[in-house]
Amino acid sequence: MNQQRKAVALISGGLDSMLATQSILEQGIHVEGINFFTGFCVEGHTHAIRKQDADKPKRNNSLWVAEQLGIKLHIIDVIEEYKQVLLNPKHGYGANMNPCLDCKIFMVNKAKQWMAENGFDFIITGEVVGQRPMSQRKQTMPIVSAESGANDLLVRPLSAQNLPATLPEREDWISREKMFDFSGRSRKPQMALAKEYNFTDYAQPAGGCCFLTDAAYSKKLVDLWQARGNRDYELDDVMLLKVGRHIRPKPHFKVIIAREDGEARFLSGYKKEFISMNCASHRGPLALIDGTPTEEDLYLAGQITARYGQGREAEMVEVTLRNQQGEERNIQVKPLTAEQIPAAWFV
Amino acid sequence: MSHETLNARRLLCPLPVIRTQDKVKTLQNGDILTVECTDPGVMQDIPAWCRINGHKVLETKADDGEYIIVLEVV
Chain U
198 MNQQRKAVAL ISGGLDSMLA TQSILEQGIH VEGINFFTGF CVEGHTHAIR
248 KQDADKPKRN NSLWVAEQLG IKLHIIDVIE EYKQVLLNPK HGYGANMNPC
298 LDCKIFMVNK AKQWMAENGF DFIITGEVVG QRPMSQRKQT MPIVSAESGA
348 NDLLVRPLSA QNLPATLPER EDWISREKMF DFSGRSRKPQ MALAKEYNFT
398 DYAQPAGGCC FLTDAAYSKK LVDLWQARGN RDYELDDVML LKVGRHIRPK
448 PHFKVIIARE DGEARFLSGY KKEFISMNCA SHRGPLALID GTPTEEDLYL
498 AGQITARYGQ GREAEMVEVT LRNQQGEERN IQVKPLTAEQ IPAAWFV
Chain G
107 MSHETLNARR LLCPLPVIRT QDKVKTLQNG DILTVECTDP GVMQDIPAWC
157 RINGHKVLET KADDGEYIIV LEVV
């Protein structure tokens, strides 16, 4: 009796990994999914925070995909290990702070480790030759196989017929003919295959599934590093960059202002880590102060905070300042006008 | 059979799922785990994770920004 072969699939939550996994499931392989959480994954974070998005579905697409496919999914926290990938990418960055090629190598390597620890035989990804400008080019796909150490145990079912035969194909665990020859940026072959598999609902992320591909987010991350004088970060930093208006009037401090109630609720969880403030005499947003503000800076932060409250037209607004120990005091500030907040302050 | 509580407040998905997954690995069949969260996304994600992995959701409740999920390890 043939041995039941087992594959681990990198499940991003998008269509390609869903299709790749289904094509291997149909060949009688036992598949389980793996999803790595770097801290920069888009997966619904800000949707969950922002109240105005409360009616949007908050599902995690990787879990949803696994459920549709009927496979187990293992979500792995790689936040700490991922720092080295982001801070020192051997292959450099893409258009923004996205180290896509190093990221893919890292994830396939982690999948290889998981495969060895759990007695699995090979790895599946939804990669397509020519689909993405950095990590999914004909020249870079062999780099992912080699530098991850996965070598010919890495199977890309959607483009398998365009690539050298892998060990699972040579050993007849899976059939090359039952895989595909997709290439390029067109999504039509994937759409057609999805129809064939009766997948009617699937995520279509615009711009990928990582905040690091987003120009505005990358700018905030670089600003954070510049202000601190080093490129280290913690998960809370990564999260806070996704929330609120970030306004930096001076190099040594910035103001993070909630844009609505959901963000205010989220930011209020950080009152013990940051000086915080909110308008006392009028309705207004919660703001956190990141950095080392002087008394004069706190007055300026109060003026900025007041600008985004209902007292913006008032002569004076009372603002409550709160230190990390919860001690409060009130100050009177004159709200800044829109013209008094230079565009350059907005991170 | 034990009943444990996991504090996953302030964590955003998928971290509450990861913490739940890691905690469940330390529990035995029949044990009960209560997960306390503040991210509304858990109301979808933790039950989905339970369905995928065969665990049983006994109760979900939302109360003033808190989301509680009680599950039985199977």
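Chains U and G, in that order, are what the protein sequence lines are.
Last residue of the first sequence: 544 (this note's numbering), numbering continuous.
Last residue of the second sequence: 180 (this note's numbering), numbering continuous.
Virtual Cβ for every residue (Gly too), placed ideally from N, Cα, C.
In this text, all values refer to a predicted model and were calculated from it rather than measured experimentally.
Point to revise | Tyr173(G) - DSSP class collapsed to helix/strand/coil | key: strand
Review point. Which whole-angstrom value describes the C-beta separation of Ser415(U) and Asn293(U), a residue pair presumed to lie in contact below a C-beta threshold of 8 Å?
Key: 4 Å
Practice item. Name, going along the chain, the residues of the region 264-292 of chain U whose beta-carbon falls closer than 7 Å to a beta-carbon of chain G. Key: Glu264, Lys269, Leu270, Ile272 and Asp274
Exercise for review: Would you verify that the beta carbon of Asn257(U) is, or is not, closer than 8 Å to some beta carbon of chain G?
Suggested key: yes
Practice item. Note the first and the last residue of the continuous alpha helix (DSSP H) segment covering Pro386(U). Key: Lys385 to Glu393
Practice item. Using the DSSP secondary-structure output, state which residues sit across from Gly488(U) in a beta bridge. Key: Phe450(U)
**Study point:** Nearest candidate by alpha-carbon position, reference Ser209(U), set Asp434(U), Glu324(U) and Gln358(U)
**Key:** Glu324(U)
Point to revise | Buried or exposed by the 16-neighbour rule on C-beta atoms within 10 Å, applied to Thr534(U) | key: It is exposed - the Cβ of Thr534(U) has fewer than 16 other Cβ atoms within 10 Å.
Review point. Should Trp311(U) be flagged as near chain G, meaning a C-beta pair shorter than 8 Å?
Key: no
Review point. For Ser108(G), is the classification buried or exposed, using 16 other Cβ atoms within 10 angstroms of its Cβ as the cut-off for buried?
Key: exposed
Point to revise | Counted within 10 angstroms of its Cβ, other Cβ atoms place Leu437(U) as buried (16 or more) or exposed | key: buried
Review point. Rounded to a whole number of angstroms, what is the C-alpha to C-alpha distance between Gly381(U) and Lys439(U)?
Key: Their Cα atoms are separated by approximately 31 Å.
Check your understanding: In whole angstroms, what is the alpha-carbon distance linking Ala403(U) and Ile528(U)?
Key -> Confidence in Ala403(U) is poor, its pLDDT being 49 and thus under 50, which makes the residue's placement unreliable; the coordinate value appears in the next sentence. Ala403(U) and Ile528(U): Cα-Cα distance of roughly 44 Å.
Practice item. Check the Cβ of Arg462(U) against every Cβ in chain G and list those closer than 7 Å, keeping chain order. Key: Within chain G, the residues near Arg462(U) are Gly171.
Review point. If you compare alpha carbons, which of Lys307(U), Leu283(U) and Tyr279(U) is closest to Leu207(U)?
Key: Lys307(U)
Practice item. For Thr517(U), collect the residues of the same chain with a Cβ closer than 7 Å to its Cβ; drop the 5 residues on either side in sequence, then sort them by chain order. Key: Met474, Asn475, Ala477, Glu525 and Asn527
Exercise for review: Output, in sequence order along the chain, the residues in the region 122-142 of chain G whose CB is closer than 7 Å to any CB in chain U.
Suggested key: Interface annotation for the region 122-142 of chain G against chain U: Val123, Ile124 and Gln127, criterion Cβ-Cβ distance under 7 Å.
**Study point:** Coil, strand or helix - Ala403(U) by DSSP
**Key:** Its pLDDT being 49, under 50, Ala403(U) is placed unreliably in this model, and the value from its coordinates should be taken loosely. Looking at Ala403(U) - three-state DSSP - the assignment turns out to be coil, as it is neither helix nor strand.
Practice item. Using a Cβ-Cβ cut-off of 8 Å, state whether Pro174(G) counts as contacting chain U. Key: The sequence shown places Ile at residue 174(G), rather than the Pro named in the question. No, because no Cβ of chain U sits closer than 8 Å to the Cβ of Ile174(G).
**Study point:** Supposed close pair Ile231(U), Ile268(U) - CB separation, criterion 8 Å
**Key:** Contact flag wrong, Cβ pair sits at about 10 Å.
Review point. Does any CB atom of chain U fall closer than 8 Å to the CB of Leu118(G)?
Key: yes
Review point. Apart from the five residues on each side of it in sequence, which residues of its chain come closer than 7 Å, Cβ to Cβ, to Asn295(U)?
Key: Spatial neighbours of Asn295(U) in its own chain (CB-CB distance under 7 Å, excluding positions within 5 residues in sequence) are listed in chain order as Cys407, Leu409 and Thr410.
Check your understanding: Where Cys156(G) and Val205(U) are concerned, what is the direct C-alpha to C-alpha distance, given to the nearest angstrom?
Key -> About 20 Å.
**Study point:** Best match in Glu344(U), Pro539(U) and Glu510(U) for proximity to Lys531(U) [C-alpha to C-alpha]
**Key:** Glu510(U)
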